[in-house]
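Peer 1: For the record, the sequence lines run as chains A and B.
With the UniProt record's numbering, letter number 41 in the first sequence gets 41, and the count goes up by one each step, no holes.
With the UniProt record's numbering, letter number 185 in the second sequence gets 185, and the count goes up by one each step, no holes.
Protein chains: 2
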Amino acid sequence: MTSAPASTRRGRPGHDRAQVLAVAVALFNEQGFDATSVADLTGRLGLTKSALYHHFPSKDALLQVALDEALDALEAVLRDAESDAGDAAQRLRVIVRGAVSVLTDKLPYVTLLLRVRGNSDVERAALARRRSFDQAVSHLVHVAQDEGMLRPDVDAAVATRLIFGMINSLVEWYRPGGAVDADELGEDVLRMVLKGLQADSAPRP
Amino acid sequence: MTSAPASTRRGRPGHDRAQVLAVAVALFNEQGFDATSVADLTGRLGLTKSALYHHFPSKDALLQVALDEALDALEAVLRDAESDAGDAAQRLRVIVRGAVSVLTDKLPYVTLLLRVRGNSDVERAALARRRSFDQAVSHLVHVAQDEGMLRPDVDAAVATRLIFGMINSLVEWYRPGGAVDADELGEDVLRMVLKGLQADSAPRP
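Dropping the structure here:
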């Protein structure tokens, strides 16, 4: 562990930018972003308004950084998959495994992302990035169907929604350090999703 | 279509009990149960408070009837499965297919149920019924694993959560009358979930 760079040490001692973000995201998830006031945030953080604004100029700026935390990680998984030399089914495996890791590693940030409904420019931009991500995955499902690796009788867009329905449901019940191991969970999702989609004629993995 | 019985015709003409319930549930889903006041309800319904109370004595009574609508239907699916003469895998098929039907048929009621967090006695009773339902399904997954029909390497409780993660995600995107047909969707979920869980040694369906 190296000490935090000086630029994250501004504001009240004991509250660097990352800590402010984490506490704010926890509060947004508890009571909803719209229902959380700046006064709620400063109260929970034990910071003055000007100390909070020192880190983040507005509630929307906080939201944007929090949503980026989840979206950047999901898009990195997509890039990993696209640079994988394997076929479309293998690339989907990289995405499913990677997405489960992002959810378990960055649970509060993904939880916040999944609750975004498009009530502001920041929220609409996040929804647009989620849509692009879904479209890229849906395209891969389609290619894997064309390659004969995935069953052709499930619509690619519906399959993508169902796969992410399963993955995203983790935010409802997965708790870090709980009875369910994150790595094992990733394998379980992979087994269920990709075996479920596998074409009858495809070789068994 | 027969005309509604006289007992549902009380209150202001044009607002029978079922209509009041449907409008209230739509409003709860829009703005949250806790955030919806009786004044919001009477405003949306165009009813006086006393006309509303004529149908339902309280907001909690409305919630209870709404949650029963979803839970009664899900428990009926469980009874159908338990009276099926087939093996555990076949009973699970009945449950998955039936649960998708309940979600698509009673979408607003299930949406409301899935948002319940246990903030009152009515909500805690609903959560207890959801838990019993999940435990019954989890037990069936376990039996199907013992019978060699489902892969034994996924924990039964985790598999149940993942299956219902997939099914429950329908409330996020399925819209009645939209591009995705409800029956076709039921078949897709069935193919993905049960093929995904199928043991390698089990006969292909």
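Where a beta carbon is used, it is the ideal one built from N, C-alpha and C, also for glycine.
Determine the closest residue to P57 of chain A out of A:D153, A:Y174, A:V137, A:V38, with distance taken between C-alpha atoms.
Peer 2: Comparing Cα positions, the closest option is A:V38.
Peer 1: Tell me the rounded alpha-carbon separation between L78 of chain B and L114 of chain A.
Peer 2: Cα-Cα distance, rounded: 30 Å.
Peer 1: What are the complete alpha helix (DSSP H) segments, minimum 4 residues, inside the segment 118-184 of chain B?
Peer 2: If we require 4 residues or more, the alpha helix (DSSP H) runs fully inside the segment 118-184 of chain B come out as 121-146, 156-168, 170-173.
Peer 1: Less than 8 Å between the C-beta atoms of L52 of chain B and L45 of chain B, yes or no?
Peer 2: Yes, the Cβ-Cβ distance between L52 of chain B and L45 of chain B is below 8 Å.
Peer 1: With a threshold of 16 other CB atoms inside 10 Å of the CB of R151 of chain B, please say whether the residue is buried or exposed.
Peer 2: R151 of chain B comes out buried.
Peer 1: Could you give the DSSP three-state label for E187 of chain A: helix, strand or coil?
Peer 2: E187 of chain A falls in the helix class under three-state DSSP.
Peer 1: My output table needs one value for S83 of chain B: the three-state DSSP class, helix, strand or coil.
Peer 2: It is coil, neither helix nor strand.
Peer 1: Which residue from B:L112, B:A128, B:V137, B:G32 puts its Cα closest to that of T160 of chain B?
Peer 2: Out of B:L112, B:A128, B:V137, B:G32, B:V137 has the C-alpha closest to the C-alpha of T160 of chain B.
Peer 1: Can you check the UniProt domain "HTH tetR-type" (14-74) of chain B for any alpha helix (DSSP H) of at least 4 residues that lies completely inside it and give the ranges in chain order?
Peer 2: Whole alpha helix (DSSP H) segments, 4+ residues: 17-31, 38-45, 49-55.
Peer 1: For M166 of chain B, collect the residues of the same chain with a Cβ closer than 8 Å to its Cβ; drop the 5 residues on either side in sequence, then sort them by chain order.
Peer 2: The answer, listed in chain order, is V189, M192, V193.
Peer 1: Could you tell me the distance, in whole angstroms, from the CA atom of E187 of chain B to the CA atom of H54 of chain A?
Peer 2: Looking at the two C-alpha atoms, the distance is approximately 54 Å.
Peer 1: Between L41 of chain A and A61 of chain A, which are expected to be in contact by the criterion C-beta below 8 Å, what is the C-beta distance as a whole number of angstroms?
Peer 2: About 12 Å; that fails the 8 Å criterion.
Peer 1: Check V116 of chain A in the structure and name its three-state DSSP category.
Peer 2: The answer is coil: DSSP assigns V116 of chain A none of H, G, I, E or B.
Peer 1: Taking all protein chains shown into account, do 16 or more other C-beta atoms lie within 10 angstroms of the C-beta of S7 of chain B, making it buried, or fewer, making it exposed?
Peer 2: Residue confidence is low: S7 of chain B scores 46 on pLDDT, short of 50, so the model does not pin down where it sits. Its coordinate-derived value is still stated next. Exposed.
Peer 1: Using only CA atoms, which one of B:M149, B:F133, B:D146 lies nearest to A70 of chain B?
Peer 2: Selected option, being the one with the closest Cα: B:F133.
Peer 1: So, is the C-beta of G177 of chain A closer than 8 Å to a C-beta in chain B?
Peer 2: Not closer than 8 Å to any Cβ of chain B, the Cβ of G177 of chain A fails to qualify, so no.
Peer 1: Roughly how many angstroms lie between the CA atoms of E123 of chain B and F28 of chain B, to the nearest whole one?
Peer 2: Between E123 of chain B and F28 of chain B, the C-alpha separation is close to 14 Å.
Peer 1: Please check if any C-beta of chain C sits within less than 8 Å of the C-beta of S169 of chain A.
Peer 2: Absent from the structure: chain C. Protein chains present are A and B.
Peer 1: Apart from the five residues on each side of it in sequence, which residues of its chain come closer than 6 Å, Cβ to Cβ, to T36 of chain B?
Peer 2: Cβ within range, chain order: L27, F28.
Peer 1: So, does the CB of M192 of chain B fall closer than 8 Å to a CB anywhere in chain A?
Peer 2: It does: the Cβ of M192 of chain B has a partner Cβ on chain A nearer than 8 Å.
Peer 1: Using CA atoms only, rank isn't needed, just tell me which of A:Y174, A:V180, A:Q31 is closest to K106 of chain A.
Peer 2: If we check each option's Cα against that of K106 of chain A, A:Y174 comes out closest.
Peer 1: Count the other CB atoms, across all protein chains shown, that sit within 10 Å of the CB of A18 of chain B; report buried if there are 16 or more and exposed otherwise.
Peer 2: Counting Cβ neighbours within 10 Å, A18 of chain B comes out exposed, since fewer than 16 surround it.
Peer 1: Using the C-alpha atoms, what's the distance from A85 of chain B back to Q145 of chain B?
Peer 2: Spanning the two alpha carbons is a distance of roughly 18 Å.
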